[in-house]
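Chains as they are written, first to last, in numbering that gives the first Met the number 0: chain W, 0 to 323; chain D, 0 to 323.
C-beta atoms are modelled at their ideal positions from N, C-alpha and C, and glycine is treated no differently.
These notes concern the structure reproduced below.
Protein chains: 2
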Amino acid sequence: MHTTEELQQILDTAIQNLKFPDQPKQLYEPISYIINLGGKRVRPLLVLLGTELFGGNARESIHAAMAIEVFHNFTLVHDDIMDNAPLRRGKATVHEKWSTNTAILSGDVMMVEANKNLAKVNPVFLKDVLDTFNETAQGVCEGQQLDMEFESRNDVSIDEYINMIRLKTAVLLGGALKLGAIIANSDKKDADLLYQFGENIGIAFQLQDDILDVYADPEKFGKQVGGDIIANKKTFLLLEALTLAQGENKATLEEWLNKKNFDPQEKVAAIKQVYSNLNIQDIARNSMDAYLQKALTVFEQIQVDDSAKENLLELTNLLMAREY
Amino acid sequence: MHTTEELQQILDTAIQNLKFPDQPKQLYEPISYIINLGGKRVRPLLVLLGTELFGGNARESIHAAMAIEVFHNFTLVHDDIMDNAPLRRGKATVHEKWSTNTAILSGDVMMVEANKNLAKVNPVFLKDVLDTFNETAQGVCEGQQLDMEFESRNDVSIDEYINMIRLKTAVLLGGALKLGAIIANSDKKDADLLYQFGENIGIAFQLQDDILDVYADPEKFGKQVGGDIIANKKTFLLLEALTLAQGENKATLEEWLNKKNFDPQEKVAAIKQVYSNLNIQDIARNSMDAYLQKALTVFEQIQVDDSAKENLLELTNLLMAREY
């Protein structure tokens with residue numbers, strides 16, 4: 000069993016060793032570009048941790064981990080086109096740096112590269128690995144679709160929102176862990192429990208994102224605090240506030256949501272005041288804690304020694320203890 | 000062994016039975032839409048014919064055939080965005096009917112659906128099937144990239160053009176046949192020969208397309224004869240003419256290629272006259288025949304009874320005898 004630091008080392012080496020053809024340059028350069036923008040590599044790490052949880056060696060699941068990382072980066076490239084995003088990790092997005100057509104086609108070939116990596120796993124597990132990967136990939140696409148649809152809808156319920164972030168974010172964490180479990184030849188029931196653990200952690204993680212966007216320490220937060228509020232983004236907090244607000248709170252919310260010209264700081268302060276009146280931060284934290292708790296309860300049921308579980312629990316604590 | 004008509008029946012039924020989720024509607028409706036626009040279904044038919052060539056039953060490769068058909072339609076959806084095409088088979092393209100974002104994301108999920116179908120093949124052949132499919136898919140993306148790059152280049156050689164159509168069109172025919180062969184557990188050498196047969200047929204077929212666009216019977220041709228000429232499309236014919244033309248022919252070609260305002264019929268007539276002066280039609284037909292001949296020579300080397308080869312030869316003759 001490796002330490003998490005060793006696993007990260009294995010991952011870094013594998014990512015550096017990802018080789019793409021030289022030609023056509025326009026097709027393959029964007030792939031190296033987006034992958035080398037960095038990121039925490041949490042998803043491929045989950046694949047390796049999933050394997051080692053059940054006594055497997057991370058090196059057996061390194062190709063599946065690469066598949067997950069390349070797939071994740073593919074979704075970033077295509078999502079950035081759809082979201083019209085100029086920046087990704089502080090650098091120009093692929094469609095900005097090259098063109099939309101390049102971003103579409105390089106993204107497509109990344110999907111193929113992800114599948115090529117997947118095809119390298121031990122053939123004994125290949126069918127199960129493919130089924131889990133494809134189900135995950137499909138979920139992620141559905142999540143992005145719902146996210147886009149929600150932008151123009153005014154009747155998004157909390158349940159719909161949770162389902163959207165489950166698909167867009169959480170199934171990939173669950174899927175990554177399950178791939179690792181499959182390759183370690185785990186018990187099927189345990190693999191499913193691990194998937195559920197990942198999915199619930201993913202939801203909790205996204206709710207934490209929503210909370211931090213409003214309540215993070217501006218000194219430490221990597222981006223503008225209140226960005227979601229300024230953009231009228233339908234986060235858990237806003238949807239919850241829209242559900243609960245009545246009278247003056249409701250009027251204030253609607254006024255600011257409809258305002259075209261405003262001082263951003265003023266808007267953030269006004270909406271935060273409504274959130275405070277309605278106890279939104281507490282509600283969001285309670286919901287986040289409930290998903291985290293559900294994840295941990297499921298995790299406990301997995302039939303392996305507690306010592307084997309330490310790395311994953313540590314990572315969970317690390318992820319959930321973000322203040323920025 | 001089935002007749003080609005029976006195989007087409009099997010395909011039609013399988014295509015009708017392709018089921019996609021109901022929700023999100025915006026994500027899945029475009030998939031049914033594009034697949035039901037029709038088409039000759041040549042590529043999935045090649046999968047089935049590849050299997051039956053080696054004594055397999057087409058029903059064993061029906062999922063691979065569906066994977067190829069869905070993948071092909073995925074490339075149409077994304078290519079149409081990149082080529083800014085308003086129509087596909089006489090109907091609105093997906094990005095026109097819905098939106099570019101929908102076309103990107105529905106295309107992405109079609110790629111996943113293709114892979115889901117692929118994962119249903121007999122696990123014994125899965126690794127080989129995936130490797131062939133992924134290599135094919137990668138080639139198709141590279142071909143599309145080269146095709147786009149050629150639009151803004153003025154120094155495209157005939158060899159580069161042949162390589163582009165090989166990747167964009169021909170590898171998918173070769174790949175489809177090879178998938179069929181793999182699933183029939185054919186000899187590896189025979190599967191590779193069959194791939195080469197398909198690739199060469201594909202190149203011949205595309206050259207025929209280039210020829211027909213200029214010389215088809217306007218009464219029978221489904222689209223405007225001379226469309227490639229009007230659009231300055233870098234076909235085999237134009238590239239060959241640019242290579243050979245000197246003096247007056249060269250001047251006429253360049254004049255019409257650079258003209259912004261012109262009568263389409265006049266342009267088609269003028270360029271056709273240059274083609275005629277330079278014997279371009281014969282040169283193109285000779286090149287097409289050479290690829291067809293190469294395909295047939297390779298096909299002869301495949302170690303199965305002549306009777307098993309009849310269906311594929313018949314389809315080849317049918318495809319290559321198009322007059323429109």
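| Asked | Found |
| --- | --- |
| Among residues of its own chain, excluding the 5 on either side of Ile181(W), which ones have a beta-carbon nearer than 7 Å to its beta-carbon? | Phe124, Asp127, Val128, Thr131, Ala190 |
| Select from the segment 268-298 of chain D all residues with a C-beta closer than 7 Å to any C-beta belonging to chain W, and list them in chain order. | none |
| With a CB to CB cut of under 6 Å and the five nearest residues on each side skipped, what residues in its chain are close to Gly106(D)? | Phe73, Val76, His77 |
| Just to confirm my understanding: we take Ala294(W), look at its own chain, exclude 5 residues before and 5 after, and list those with CB closer than 7 Å. What are they? | Phe196, Asn199, Ile200, Ala203 |
| According to the Cβ coordinates, are Ser101(W) and Val108(W) closer than 8 Å? | Position check: residue 101(W) holds Thr in this sequence, whereas Ser was assumed. No, Cβ-Cβ distance for Thr101(W) and Val108(W) is not below 8 Å. |
| May I have the straight-line CA-CA distance separating Ala230(D) from Lys96(W), to the nearest angstrom? | 28 Å |
| According to the neighbour-count rule (16 or more other Cβ atoms, all chains shown, within 10 Å of its Cβ), is Leu312(D) buried or exposed? | exposed |
| Which chain D residues are close to Ile80(W), counting only those with a beta carbon under 7 Å from its beta carbon? | Ile103 |
| By how many angstroms is the C-alpha of Val120(W) removed from the C-alpha of Glu59(W)? | 7 Å |
| Pick helix, strand or coil for Lys187(D), following the three-state DSSP scheme. | helix |
| Would you say His94(W) lies against chain D (beta-carbon separation less than 8 Å)? | no |
| Once DSSP output is grouped into helix, strand and coil, what is the label at Ala102(W)? | helix |
| Which residues of the segment 129-155 of chain W have a Cβ closer than 7 Å to any Cβ of chain D? Give them in chain order. | Leu129, Asp130, Asn133, Ala136, Gln137, Cys140, Glu141, Gln143, Gln144, Leu145, Met147, Glu148 |
| Along the chain, where does the alpha helix (DSSP H) containing Ala26(W) start, and where does it finish? | In the sequence as displayed, the identity of residue 26(W) is Leu instead of Ala. Residues 24-34. |
| What does DSSP give as the partner residues of Ala283(D) in its beta bridges? | Ala283(D) is not bridged to any residue. |
| Beta carbon of Val297(W), beta carbon of Leu238(W): below 8 Å? | no |
| Using DSSP's beta-bridge definition, name the partner residues of Arg87(W). | Lys90(W) |
| Could you check the C-alpha separation between Asp79(D) and Pro85(D) for me, to the nearest Å? | 8 Å |
| Where do the ends of the alpha helix (DSSP H) carrying Val123(W) lie? | 122-150 |
| Could you list which residues in chain D have their beta carbon closer than 8 Å to that of His77(W), in chain order? | Ile103, Leu104, Asp107 |
| Starting from Val111(D), find everything on chain W with Cβ-Cβ shorter than 7 Å and list it in chain order. | Asn133, Ala136, Gln137, Cys140 |
| Quick check: what's the CA-CA separation for Trp411(W) versus Leu243(W)? | Past the boundaries of the shown model lies residue 411(W); chain W is included only from 0 to 323, so the question cannot be answered. |
| Compute the Euclidean distance between the alpha carbons of Glu4(D) and Ala307(D), then round it to the nearest angstrom. | 15 Å |
| So which residues on chain D does Leu172(W) lean against when the C-beta distance must stay under 8 Å? | Per Cβ cutoff of 8 Å: no residues; Leu172(W) is ~18 Å from chain D at best. |
| Would a C-beta distance cut-off of 8 Å place Asp71(W) and Leu206(W) closer than the cut-off? | Before going on, a small fix: residue 71(W) reads as His here, not Asp. No, Cβ-Cβ distance for His71(W) and Leu206(W) is not below 8 Å. |
| Just to make sure I have the definition right: I need the residues of chain W whose C-beta is within less than 8 Å of the C-beta of Ala126(D). Which are they? | One point to set straight first is that residue 126(D) is Lys, not Ala, in the sequence displayed. Those are Ala118, Pro122, Leu125, listed as they occur along chain W. |
| Give the residues of chain D in contact with Gln15(W), contact being defined as C-beta atoms less than 7 Å apart. | Ordered by position in chain D, no residue passes the 7 Å Cβ test against Gln15(W), which lies about 21 Å from the chain. |
| From this set, Gly226(D), Gln7(D), Gly142(D), Gln22(D), which residue's C-alpha is nearest Gln22(W)'s C-alpha? | Gly142(D) |
| Taking the CB atoms as reference points, tell me whether Gly179(W) and Leu6(W) lie closer together than 8 Å. | no |
| Quick one, which residues of the segment 229-247 of chain D are near chain W if we go by CB-CB under 7 Å, in chain order? | none |
| For Ser60(W), does the three-state DSSP call read helix, strand or coil? | helix |
| Is the Cβ of Leu26(W) closer than 8 Å to any Cβ of chain D? | yes |
| Step through the CB atoms of chain D and report whether any lies within less than 8 Å of the CB of Lys115(W). | yes |
| Please list, in chain order, the chain W residues whose beta carbon lies closer than 8 Å to that of Pro23(D). | Glu141, Gln144, Leu145, Glu148 |
| Give the interface partners of Asn100(W) over in chain D, defined as CB-CB distance under 7 Å, in chain order. | Met81, Met147 |
| By the 10 Å Cβ neighbour count, where 16 or more other Cβ atoms means buried, how is Leu325(W) classified, buried or exposed? | The question about residue 325(W) has no answer, for chain W in this structure spans 0 to 323. |
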